[in-house]
Structure formats: C-alpha cells, structure tokens
Amino acid sequence: MEATGVLLINLGTPNAPVTAEVRDYLAEFLGDSRVLDMPAPVRKLLLNLVILPFRPRKSAAAYREIWTEGGSPLRCHSDDLLARVREALGPEVPVEFAMRYGTPSIESALHVLRRQGVNRLVVLPLYPQQASSTGGSSLQEVYRVAGTCYNVPSLHVVAPFYEHPAYVRASAAVARPVVADFEPDHVLFSFHGLPERQIRKGDDAGSHCLVSEGCCARITEANRNCYRAQCYASARAIAGALSLSPERYSVSFQSRLGRIPWIQPHTEEMLVRLAEKGVKRLAVVCPAFTADCLETLEEIGIRARATFVSAGGEDLRLVPSLNAHPEWVEAIKELLTPYLTTRQAAPALPSSGS
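Under numbering that gives the first Met the number 0, the first residue of the sequence shown is numbered 0, with each subsequent residue one higher.
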C-alpha cells in the first residue's frame with residue numbers, strides 16, 4: 000500500500016545574522032551552478048576572490064535589520080506554514096518543510112518522511128514562477144537525494160502555479176486590505192530578477208525570449224517556460240483580482256547581482272520613474288516570494304522606501320507576502336489535492352503460467 004507524504008520547499012536563510020553564518024549560506028547558495036551558471040573555475044574564482052571576502056559582512060548587517068526574536072523571518076513563517084498545512088491535511092498525510100540552502104535541508108526532510116513510511120512523495124516548490132535557479136535547483140536536489148535511497152520513492156511534482164486561481168485568490172486576499180487602507184496612487188509588482196542569459200537559455204526554440212518589447216505580453220507555447228513571462232502573467236492575474244486598471248500598476252525586477260545584463264525594468268529605476276511622474280503613495284507587492292525574507296522586508300520595505308521618498312514620493316507600503324495566511328494554506332491544500340486523491344495502481348504481476 001502506498002503511503003503518500005508532502006515536501007514543501009523554499010529557498011533558504013542563514014541560521015544567524017552574523018558574518019560567518021551568512022558566508023556559509025552564500026557559499027552554498029552562490030556555489031550552485033544553476034544560480035551562478037558559469038564554468039566551475041570561473042564561479043570558484045568569483046566566489047572566493049570577489050563575493051565571499053566582502054558580501055557576507057554587508058549581508059549580515061542587512062539581515063540584522065529584519066531579524067526577529069524568533070529568528071529569521073523566512074524560517075519563522077515557514078514553521079508557521081508547516082504547522083497550518085499539517086493541520087489542514089490531517090494526520091494521515093505526513094508533511095515536512097525543507098530549504099534548498101541552509102536548514103532544514105532537503106536531504107534531512109526527505110529522510111524524515113522516509114522514516115514515516117512514505118514511499119510516494121508529492122513535492123511542492125513554493126516558487127510560483129519557474130526558474131532554473133529556484134525550482135530547477137530544488138528539484139535537482141530532490142532527485143539526487145531520492146536516488147540515493149535503496150527503495151527510491153515515486154515522485155510527483157506540483158507544477159509552477161504562477162496564475163493558478165488558488166494562488167491568485169490568496170495573493171489578492173493578502174493585498175486587498177493593504178490597498179484599501181493605504182489607498183495608493185499606484186501599485187508596483189516587484190519580482191526577483193534574473194540574468195538575461197538565463198532567460199535566453201530557457202528559450203527552447205531560441206527565437207522568442209527578449210527579442211521584442213512585447214515578448215512577455217501573454218503566455219504562448221514559445222514562452223510557456225519563461226520566468227519573465229510567468230511574472231507578467233502573475234501580475235496581470237493579481238491586478239485583475241484587485242480590480243486594478245492597467246494604468247494603475249507596473250511590473251519590475253529587483254535584486255540584481257554583478258554587472259551583467261539583468262531582465263528589465265529594474266525596480267530601483269522604476270521607483271525613481273514613478274516618483275518623478277507624480278506618484279506619491281506607492282504599494283509594492285512581491286509575488287515571487289511566498290514568505291517574507293531579506294528581499295522583501297529589507298530590500299523593499301527599507302531600502303526601496305528610502306529610494307522612493309528621496310526621489311520625491313511620500314510613502315511606500317510593502318504588502319506582506321503570503322506567509323502562513325489562511326487563504327494561502329487553503330491554496331496549498333487546493334494545489335496538493337489532485338496529487339493526494341489520485342493513486343496509481345501497481346501493475347499486475349505476471350502469472351506463474353506466463
């Protein structure tokens with residue numbers, strides 16, 4: 000008889016806001032060939048000579064700006080979400096949470112599930128939009144760890160849910176009261192950025208992505224795997240659920256690293272542009288992040304707000320991420336249900352007379 004378990008995955012966080020812990024985290028994160036997608040010798044030189052000697056101290060200071068008594072916000076929200084998803088699914092479905100980088104690791108979480116007798120695993124990467132550096136890396140690690148088991152479990156992966164009605168409803172449910180209370184002049188949907196080369200590498204046909212201004216205006220067969228196109232689709236769907244007309248919202252991309260071309264428009268430039276156009280009150284939604292973390296709380300809630308105000312804006316309000324909101328718990332349950340209610344029958348064994 001099959002015993003089905005669920006593995007939720009998010010990206011990761013340091014264990015403490017101190018330089019040594021952040022260095023270890025960044026070494027694992029940026030050492031991933033799907034994140035810094037360059038030849039291994041070049042990646043090693045960049046990490047050891049340029050990034051790790053300097054960035055950990057700066058990042059640790061940023062983490063201290065958002066750290067809570069309970070620890071990392073991402074870890075706290077993840078623990079809360081895990082408890083609520085377990086409650087929603089009931090005791091008959093084992094559920095564990097893992098981080099792609101840091102702790103708890105995918106390997107440790109999978110082994111916990113295996114010790115509970117799970118031989119059929121439903122994997123839900125909590126990245127609404129698909130990218131090689133997030134969902135791709137997480138699934139690669141799941142496959143690696145599962146492959147080390149003597150009895151390899153069957154794996155079922157929930158597809159990217161960037162415009163799934165449940166995700167859109169949950170996102171709108173979180174944003175709606177903030178928008179109603181704050182009454183912004185404009186809403187900015189800020190997604191995590193990616194290098195342009197990674198977008199092009201994901202273009203199977205090699206003839207669509209980033210070749211025209213409107214290449215991401217709608218999802219087609221040519222761009223169905225494009226992270227940027229999926230981001231725009233998420234923004235359109237959430238804006239529609241919030242009854243925002245096209246002129247009342249914009250899309251941008253944050254968190255650039257290095258000097259190579261990253262997908263545009265860039266969030267920091269969009270903040271200045273909106274302020275110069277007369278936007279005084281700006282609400283920012285970060286739909287790529289299902290839990291608040293450094294990129295939402297510090298990069299947007301603190302630094303982006305300062306940039307916007309210094310450019311002439313009056314106030315910027317960060318809309319919380321989905322975190323462990325009840326609507327998000329219900330959305331996760333809806334995303335998982337088709338995988339939990341379907342059982343594949345084992346093939347019949349040949350008879351002795353065959």
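Backbone N, C-alpha and C fix where the C-beta goes; we use that ideal spot for every residue, glycine too.
Owing to the predicted nature of the structure, the values given are computational and were not obtained by experimental measurement.
What separation, rounded to the nearest whole angstrom, lies between the Cα atoms of Leu184 and Arg227?
Within the sequence shown, the letter at position 185 stands for residue 184. Within the sequence shown, the letter at position 228 stands for residue 227. Residue 184 is actually Asp in this sequence, not Leu. About 25 Å.
Given Trp327, which residues of its chain have a CB within under 6 Å of its CB, disregarding the five upstream and five downstream residues?
To locate residue 327, count along the sequence shown from 1; it is residue 328. Only Ala169, Leu321 meet the Cβ criterion.
What separation, rounded to the nearest whole angstrom, lies between the Cα atoms of Glu294 and Ala26?
The residue given as residue 294 occupies position 295 in the sequence shown. The residue given as residue 26 occupies position 27 in the sequence shown. If I take the Cα positions, the gap works out to 18 Å.
So, using beta-carbon positions, are Pro159 and Gln129 closer together than 7 Å?
The residue labelled residue 159 in the question sits at position 160 within the sequence shown. The residue labelled residue 129 in the question sits at position 130 within the sequence shown. Their beta carbons are under 7 Å apart, which means Pro159 touches Gln129 by this criterion.
Given 8 Å as the limit, is there contact between the stretch 120 to 137 and the stretch 38 to 58, that is, 3 or more CB pairs closer than that?
no
Only counting the same chain, and skipping five residues up and downstream in sequence, which positions put a Cβ closer than 6 Å to that of Ser353?
Counting from one through the sequence shown, the residue named residue 353 turns up at place 354. Because the pLDDT at Ser353 is just 28, under 50, the model does not fix this residue reliably, and the point stays unresolved.
Taking DSSP as the reference, what is the three-state secondary structure of Ser350?
Within the sequence shown, the letter at position 351 stands for residue 350. With a pLDDT of 34 at Ser350, under the threshold of 50, the predicted position of this residue should be treated as unreliable, and no value is reported.
Below 7 Å between beta carbons: does that hold for Met98 and Asn14?
Working through the sequence shown from its first residue, we reach residue 98 at position 99. Working through the sequence shown from its first residue, we reach residue 14 at position 15. The answer is no: Cβ separation not under 7 Å.
Would you mind stating whether Cys16 and Ala59 have Cβ atoms separated by less than 7 Å?
Sequence index remark: in the sequence shown, residue 16 carries index 17 (1-based). Sequence index remark: in the sequence shown, residue 59 carries index 60 (1-based). Correcting the residue type first, residue 16 is Pro in the shown sequence and not Cys. For Pro16 and Ala59, yes; Cβs fall inside 7 Å.
Tell me the rounded alpha-carbon separation between Val117 and Glu1.
Here the question's residue 117 lines up with position 118 in the sequence shown. Here the question's residue 1 lines up with position 2 in the sequence shown. Their backbone Cα atoms lie some 8 Å apart in a straight line.
With a Cβ-Cβ cutoff of 7 Å, do Ala323 and Arg83 count as a contact?
Numbered from its first residue, the sequence shown carries residue 323 at position 324. Numbered from its first residue, the sequence shown carries residue 83 at position 84. Between Ala323 and Arg83, the C-beta gap is smaller than 7 Å, which places the two residues in contact.
Buried or exposed: where does Ala232 fall if 16 or more other Cβ atoms within 10 Å of its Cβ makes it buried?
On the sequence shown, residue 232 is found 233 positions in, with the first residue counted as 1. With 16 or more Cβ atoms within 10 Å of its Cβ, Ala232 is classed as buried.
Start and end of the alpha helix (DSSP H) containing Pro176?
Residue numbering aside, residue 176 sits at position 177 when the sequence shown is read from its first letter. Under the DSSP assignment, Pro176 falls in the alpha helix (DSSP H) whose first and last residues are 164 to 181.
From the DSSP output, in three-state form, read off Trp382 for me.
The structure shown has nothing for residue 382, since the chain only spans 0 to 353.
Who are the Cβ neighbours of Val284 in its own chain at under 6 Å, not counting the five residues just before and after it?
In the sequence shown, the residue the question calls residue 284 occupies position 285. Answer for Val284: Ala174, Phe188, Val318, listed in chain order.
Beta carbon of Asn224, beta carbon of His207: below 7 Å?
Locating residue 224 in the sequence shown gives position 225, where the first residue counts as 1. Locating residue 207 in the sequence shown gives position 208, where the first residue counts as 1. Their beta carbons are not under 7 Å apart, which means Asn224 does not touch His207 by this criterion.
Return the Cβ separation of Leu125 and Val141 in integer angstroms, given the expectation that the two are a contact with Cβ distance under 8 Å.
Residue numbering aside, residue 125 sits at position 126 when the sequence shown is read from its first letter. Residue numbering aside, residue 141 sits at position 142 when the sequence shown is read from its first letter. Incorrect: roughly 13 Å between the Cβ atoms, too far for contact.
Identify, in the order they occur along the chain, each residue of the same chain with its Cβ nearer than 8 Å to the Cβ of Ala39, setting aside the five sequence neighbours on each side.
Start at 1 with the first residue of the sequence shown, and residue 39 comes out as number 40. Cβ within range, chain order: Ser32.
On the CB-based measure, 16 or more other CB atoms within 10 Å of its CB, does Glu297 come out buried or exposed?
One-based indexing of the sequence shown puts residue 297 at position 298. It counts as buried.
Please list, in chain order, all residues of the same chain as Ala344 whose beta carbon is under 7 Å from its beta carbon, the five residues on each side excluded.
Within the sequence shown, numbered from 1, the residue matching residue 344 stands at position 345. At Ala344, the pLDDT of 36 sits below 50, so the modelled position is not reliable; the number obtained from the coordinates is stated separately. There are no such residues.
Can you tell which of Lys276, Leu7, Arg56 has the C-alpha that lies nearest to the C-alpha of Phe96?
On the sequence shown, residue 96 is found 97 positions in, with the first residue counted as 1. If we check each option's Cα against that of Phe96, Leu7 comes out closest.
Rank Asp291, Ser309, Gly205 by C-alpha distance to the C-alpha of Trp66 and give the top, closest one.
Counting from one through the sequence shown, the residue named residue 66 turns up at place 67. Of the listed residues, the one whose Cα sits closest to Trp66 is Asp291.
By how many angstroms is the C-alpha of Glu64 removed from the C-alpha of Thr18?
Position 19 of the sequence shown, counted from the first residue, corresponds to residue 18. Position 65 of the sequence shown, counted from the first residue, corresponds to residue 64. Straight-line Cα distance between these residues: approximately 14 Å.
Consult DSSP for Gln253 and reduce its assignment to one of helix, strand or coil.
Sequence index remark: in the sequence shown, residue 253 carries index 254 (1-based). Reduced to three states, the DSSP call for Gln253 is strand.
Alpha carbon to alpha carbon, how far is Ala330 from Glu246? Give it in angstroms, no decimals.
Start at 1 with the first residue of the sequence shown, and residue 246 comes out as number 247. Start at 1 with the first residue of the sequence shown, and residue 330 comes out as number 331. In a straight line, the C-alpha of Glu246 is about 29 Å away from that of Ala330.
Report the start-end ranges of each beta strand (DSSP E) in the stretch 119 to 152 that is 3 residues or longer and not cut off at the edges.
Contiguous beta strand (DSSP E) elements confined to the stretch 119 to 152 occur at 119 to 124, taking only those with 3 or more residues.
Any idea what DSSP makes of Phe96, helix, strand or coil?
Within the sequence shown, residue 96 is the residue found at index 97, counting from 1. Three-state DSSP puts Phe96 in a strand.
In this structure, does DSSP put Ser77 in helix, strand or coil?
By one-based count along the sequence shown, residue 77 stands at place 78. Correct three-state label for Ser77: helix.
Does DSSP put Ala344 in a helix, a strand or coil?
The residue labelled residue 344 in the question sits at position 345 within the sequence shown. Low confidence applies here, because Ala344 scores a pLDDT of 36, under 50, leaving its location unreliable; read the following figure in that light. Coil at Ala344, not helix or strand.
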